[in-house]
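Numbering (our numbering), first residue to last: 37 to 233.
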Amino acid sequence: MAPMHDTGAFTMKNFMILGLFGLLSSPSWGHTAPWDPSPQLKALIIGLKLTYASPALSNNQRNHMTRVDNLSFFISHIDQPGTPEHAQLKAFLWGMQKAHAGSVYQQIRTNVVPWFCPKGGQLRLPSPNSPNPTVFIENLIYETLERDLQRDPKRFERYNGSAAFMSVPKIVTYGLQIKYPCYRPIPEAHRFPGWQY
Numbered sequence: 037m038a039p040m041h042d043t044g045a046f047t048m049k050n051f052m053i054l055g056l057f058g059l060l061s062s063p064s065w066g067h068t069a070p071w072d073p074s075p076q077l078k079a080l081i082i083g084l085k086l087t088y089a090s091p092a093l094s095n096n097q098r099n100h101m102t103r104v105d106n107l108s109f110f111i112s113h114i115d116q117p118g119t120p121e122h123a124q125l126k127a128f129l130w131g132m133q134k135a136h137a138g139s140v141y142q143q144i145r146t147n148v149v150p151w152f153c154p155k156g157g158q159l160r161l162p163s164p165n166s167p168n169p170t171v172f173i174e175n176l177i178y179e180t181l182e183r184d185l186q187r188d189p190k191r192f193e194r195y196n197g198s199a200a201f202m203s204v205p206k207i208v209t210y211g212l213q214i215k216y217p218c219y220r221p222i223p224e225a226h227r228f229p230g231w232q233y
């Protein structure tokens with residue numbers, strides 16, 4: 037006589053596995069809403085776009101605008117899906133997001149003191165299957181610009197507006213440090229130059 041199998045338990049186990057797989061592979065898993073900009077940030081972005089469209093830009097500034105790691109490239113192309121520049125920007129943002137997440141996780145795992153300390157020791161990133169897998173880093177850039185507007189409202193007016201062409205990785209590193217500080221207050225020796233703390 038063959039042993040009896042509990043087909044109900046087998047079916048329930050399969051159902052639970054399939055349900056978990058569906059949840060983890062679902063595009064909505066880890067969904068994060070896009071940043072809701074303040075009126076001040078909206079005004080800054082409009083001003084930056086006008087700056088980038090100016091015929092008075094120097095050759096150096098125009099050069100910066102072709103670099104995927106420059107704020108001017110981000111502001112100019114983040115809202116232009118379907119263009120080669122948008123695809124290039126999204127690939128750059130995805131790579132930077134994954135690099136920072138992997139780096140801080142490995143630093144904490146190997147007992148190296150990191151320069152930013154997310155809760156639980158790792159960044160919670162959206163699923164690669166989500167509608168916008170780079171929403172975390174996009175929101176971080178906008179949030180950092182918001183904080184900078186509050187702490188240093190004249191930054192984009194000084195030095196002939198040179199901040200309009202600043203490095204996106206510098207915005208991200210400062211943003212990660214102030215969003216996930218390892219110390220409060222952040223010690224002087226750990227502060228990035230050129231930013232308000």
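Don't be surprised by glycine CBs; every beta carbon is placed ideally from N, CA and C.
Continuous alpha helix (DSSP H) stretch holding Asp188: start and end: Here residue 188 refers to the residue found at position 152 of the sequence shown. Note, Asp188: premise wrong, no alpha helix (DSSP H); not H, not E.
Counted within 10 angstroms of its Cβ, other Cβ atoms place Ile177 as buried (16 or more) or exposed: Here residue 177 corresponds to residue number 141 of the sequence shown, with the count starting at 1. Looking at its Cβ environment, which holds 16 or more other Cβ atoms inside 10 Å, Ile177 is buried.
Contact the segment 166-174 vs the segment 125-133: 3+ CB pairs below 8 Å: Yes, the segment 166-174 touches the segment 125-133.
Rounded separation between Asp105 and Ser203 - CA only: As a working mapping, residue 105 is identified with position 69 in the sequence shown. As a working mapping, residue 203 is identified with position 167 in the sequence shown. Straight-line spacing of the CA atoms in Asp105 and Ser203 works out to 6 Å.
Check: Glu179 C-beta below 6 Å from any heavy atom of the ligand MG: Judged by which ligands are present, the structure shown has none, so any question about the ligand MG falls away.
Inter-residue spacing [alpha-carbon to alpha-carbon] between Val208 and Gly118: The sequence position of residue 208 within the sequence shown is 172, counting from 1. The sequence position of residue 118 within the sequence shown is 82, counting from 1. So the alpha carbons of these two residues sit roughly 25 Å apart.
Beta-carbon proximity list for Ala137, same chain, < 6 Å, skipping 5 on both sides: The residue given as residue 137 occupies position 101 in the sequence shown. Excluding residues up to 5 positions away in sequence, Leu159, Leu161 lie with their Cβ nearer than 6 Å to the Cβ of Ala137 in the same chain.
Top-ranked residue by Cα proximity to Pro205, from Ala135, Trp71, Gly197: Residue mapping note: residue 205 aligns to position 169 of the sequence shown, counting from 1. Cα-wise, what sits closest to Pro205 is Ala135.
Test item: CB-CB of Val156 and Ile144 under 7 Å: As a position in the sequence shown, residue 156 is number 120, starting the count at 1. As a position in the sequence shown, residue 144 is number 108, starting the count at 1. Looking at the sequence provided, one finds Gly at residue 156 rather than Val. For the 7 Å CB-CB criterion, Gly156 and Ile144 do not form a contact.
In DSSP terms, what Asn106 is bridged to: To locate residue 106, count along the sequence shown from 1; it is residue 70. BP columns for Asn106 point to Ser203.
Terminal residues of the alpha helix (DSSP H) in which Thr87 lies: Here residue 87 corresponds to residue number 51 of the sequence shown, with the count starting at 1. The continuous alpha helix (DSSP H) containing Thr87 extends over residues 75-88.
For Trp130, three-class secondary structure by DSSP: For the purposes of this step, residue 130 is taken as residue 94 along the sequence shown, with counting starting at 1. Here Trp130 sits in helix by DSSP.
Which of helix, strand or coil DSSP assigns to Asn168: For the purposes of this step, residue 168 is identified with residue 132 of the sequence shown, where counting begins at 1. When secondary structure is reduced to three states using DSSP, Asn168 falls in the coil class, being assigned neither helix nor strand.
Distance, Gln232 Cα to Phe110 Cα: The residue labelled residue 110 in the question sits at position 74 within the sequence shown. The residue labelled residue 232 in the question sits at position 196 within the sequence shown. The alpha-carbon of Phe110 is positioned some 22 Å away from that of Gln232.
First through last residue of the alpha helix (DSSP H) which encompasses His100: On the sequence shown, position 64 is the one that residue 100 refers to. DSSP places His100 in the uninterrupted alpha helix (DSSP H) bounded by 95-100.
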